[in-house]
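Protein chains in written order, with the numbering used here: chain A, 130 to 333; chain B, 104 to 604; chain C, 115 to 270.
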């Protein structure tokens, strides 16, 4: 499939939106504004997916990321309190910013060099799994096919991963008062009190 | 990956026998969760026993698969059960069992939540066993997340302890950062090759004329794993996390998590990048050399035993990385490297788990992990002191303890290709080991020579489960040291590399 | 070069096959979007021109009548609401995986190559797919059961 001029235009527009949104995330001082700026980025990415004929992925991007994940991020922001501001003047390690800037510039340079030097020759041109592999079959069906053949094990593992995320989140968010009596000692090593040696019996 | 052919296959054949260890673990997870959810407080006591039995039950199919000896490959080769995978599955399950033994009293007496603790532990172990068999990018990444996410939570298990919160937070942030880097490298690989299968990636990037993008992808993937195995300069999370996390969790992270990281690194590098030694060899060489030197030098200055073990673990990661730095020279050197890394990981697991078991036992009395608090240990708990010495000198590589055999296989793997780089790295391993001897011996000296700091010399009562853990680890450390051929029989690399092409 | 390429595309209905499906499908969407934006701008613009402007402090209160609000509008929320958000995300993801499965519960799809020959017929997922999906849902349901039994789902 040839890339048409309109696709270039859409790409350029979305790229601007994506980058501007990403810039906004680090620019805004108010975390809520930063999170909303992230919505622009994620939405731009969704349109980019459409541009590449991956409609299902675009829908997922909007439903999961722009919808659910940003909601989660906003919850966390509200949880932490919006009125608290970080003191950006303080530098925990001397010269931290400068070093970070140098390393970031280096990595960015490396990535740009890698993509521009070798990119064009190496991109295989193979269509992505998420786009239409075979024309006239909707890509939702093709994704389904892959999910239930090659990646069926990965699918089931994903279920375990999501369940574990629930457990971890519940553990994390339950109030400490319901959790454990406060260990008396400060030491980070040991259980609060030395116990009877044969603990298995003690339990019954 | 020929997608059209794959689409035609309606139901991929599932080899239930090959998946049995994972299925047992998923079943165990479900049982633990339901017992915890419906049993309430009454079921607390059953958790460690159930987990232990479940882990041992998962070992049964591993044993039958090993006895069967057939290489089983599923999903177009994305999931392979061969000797290499089985060795590591067994290692993870046994290490997990020892961690359960270490945790039993610690978690019960600390009045932490037990149900969730063991659920997360089992989930993490499930991720590790999947990792041992994963041969495509998606399985590798999912396995990595499945083993990491519960581990982040476990590190922060002491919710009211600031140190533990810091441990969990640092581990989480660094882990997620590493995942992002790794994922970027993986997406570049997929973009270039159009396949997630490691074997296909190797074929697609073979003989690329302009390797800039390939180099970028390889570097990102290796750096991503370097975080996981805490190689310098990506090790900064390790000491704080190890010190702050509950000690059984520290043992789990130091052994299970790190070994899984190495398995993933080895699988991806040797199966997907064997044609790119010019890129990965210098990178891993530098990582290994710096890791060994820096890890050992900082460990010299530690006054806290857990922190010292953390830096010693960093240094050990350098030893384990070293053979991979010369793995690309020839097929023989790759086989030697796989064998050396496998051997060392098994030995490292035994001696490190043992050392943490002693730390937990001693902390039951002294409540401290400072090296000074070990003074006079030999006078009041001679068995613990001797066990600790066995583990420490094994870590240092003194014969006839298992550590020397691990070091020997690493030396052999480094010398095998006969390259200058290999010889230099072998010299660095030797020098680093000499430095390491100082700080291991210092702890031994404190235990045997110094008096008890507070004059309290009541013997330490070691609970049953800790004693069992100590017995297992001491036995492995001694047996492998005296009869290394026992281990050498199971660490062969042939099937792994032949599948990897 | 870009401009010369675009101009015929705007009349895409008359153009031939050389233009991508993308353009044809989403041109309507783009036009609707632009129209919506224009409509908003128009209504607000007209409103700002013709409405009277008499500022009074009372108009800037949260409620013009009734009790004055207490405290900030951005209070710190309870951590337990986080669980609801997370459960929402997780079952959102579950839905994403169910969609592709549901498309082919009992229908067949023929794959056609460029010359119009059917080279492959994809069967429905059948009982195999059903078992896989039930397993997937069952594992996720475990998480829900856990959250329910641990009483984090109660709205307080």
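Virtual Cβ for every residue (Gly too), placed ideally from N, Cα, C.
Pairing residue 246(A) with residue 315(B) gives a Cβ-Cβ distance under 7 Å. For residue 260(C), at least one C-beta of chain B is nearer than 7 Å to its own C-beta. The beta-carbon separation of residue 297(A) and residue 253(B), rounded to 7 Å, stays under the 8 Å limit for a contact.
In this structure, the beta-carbon distance from residue 387(B) to residue 318(B) does not fall below 7 Å. Of all residues in the region 336 to 358 of chain B, none places a beta-carbon less than 7 Å from a beta-carbon of chain C.
Boundaries of the alpha helix (DSSP H) harbouring residue 414(B): 408 to 424, taken from the DSSP string. Listed along the chain, the chain B residues whose CB falls inside 8 Å of the CB of residue 175(C) amount to none; the nearest CB is some 42 Å away.
Looking at the DSSP output, residue 239(B) bridges to 300(B). In the three-state scheme derived from DSSP, where H, G and I count as helix and E and B as strand, residue 145(B) is classed as helix. A check of alpha carbon separations from residue 291(A) across 255(C), 175(C) and 192(C) identifies 255(C) as the nearest.
The residues 378, in chain order, have a CB closer than 8 Å to that of residue 309(B) in the same chain once the five nearest residues on each side in sequence are set aside. Closer than 7 Å at the C-beta level to chain A, one finds these residues of the region 188 to 206 of chain C: 188, 190, 191, 193, 194, 195, 196, 197, 199, 200, 201, 202, 203, 204 and 206.
Per DSSP, residue 182(B) lies in no alpha helix (DSSP H); the unbroken beta strand (DSSP E) holding it starts and ends at 182 to 184.
Straight through space, the alpha carbons of residue 294(A) and residue 162(A) are spaced by roughly 27 Å. Separation of the CB atoms of residue 299(A) and residue 264(C) is rounded to 6 Å, and the pair is thereby assigned contact status at 8 Å.
In this structure, residue 480(B) keeps its C-beta atom at 7 Å or more from the C-beta atom of residue 411(B). In this structure the region 337 to 344 of chain B touches the region 260 to 276 of chain B; the number of beta carbon pairs closer than 8 Å is three or more.
Chain order gives the chain B residues near residue 263(C) as 140 and 141, where near means a beta carbon separation below 7 Å. Residue 179(A) and residue 122(B) have their alpha carbons spaced roughly 38 Å apart. In this model, residue 404(B) and residue 297(B) are separated by some 49 Å (Cα to Cα). Residue pairing for residue 175(B): DSSP places it in a beta bridge opposite 184(B).
Separation of the CB atoms of residue 576(B) and residue 201(B) is rounded to 7 Å, and the pair is thereby assigned contact status at 8 Å. In terms of Cβ geometry, residue 217(C) and residue 269(A) form a close pair [threshold 7 Å]. In chain order, 519 place their CB closer than 7 Å to the CB of residue 435(B), counting only its own chain and leaving out the 5 sequence neighbours on each side. Neighbourhood of residue 243(C) in chain A, by CB distance below 7 Å: 277, in chain order. Chain-ordered, the chain A residues with CB closer than 8 Å to the CB of residue 211(C) read 276, 284 and 287. For residue 504(B), there is no enclosing alpha helix (DSSP H), as DSSP marks it with neither H nor E. For residue 136(B), the chain C residues whose Cβ falls inside 7 Å of its Cβ are 256 and 260, in order along the chain. Scanning 155(A), 301(A) and 272(A) for the CA closest to the CA of residue 186(A) turns up 272(A). From the listed residues 222(B), 507(B) and 593(B), the smallest Cα separation to residue 580(B) is found for 507(B). Residue 384(B) sits buried, since 16 or more C-beta atoms from the chains shown fall within 10 Å of its C-beta. Within chain A, no residue has its CB atom less than 9 Å from the CB of residue 282(B), the nearest being about 13 Å off. If you ignore the 5 residues before and after residue 171(A), its C-beta comes within less than 6 Å of the C-beta of 194 and 195, all in its own chain and listed in chain order. Listed in chain order, the non-local C-beta contacts of residue 164(A) below 7 Å within the same chain comprise 199, 202, 203 and 206, local neighbours out to five positions each way being set aside. By the criterion of at least three beta-carbon pairs nearer than 8 Å, the region 356 to 376 of chain B is in contact with the region 243 to 250 of chain B. Residue range 268 to 276 is occupied by the alpha helix (DSSP H) that includes residue 269(A).
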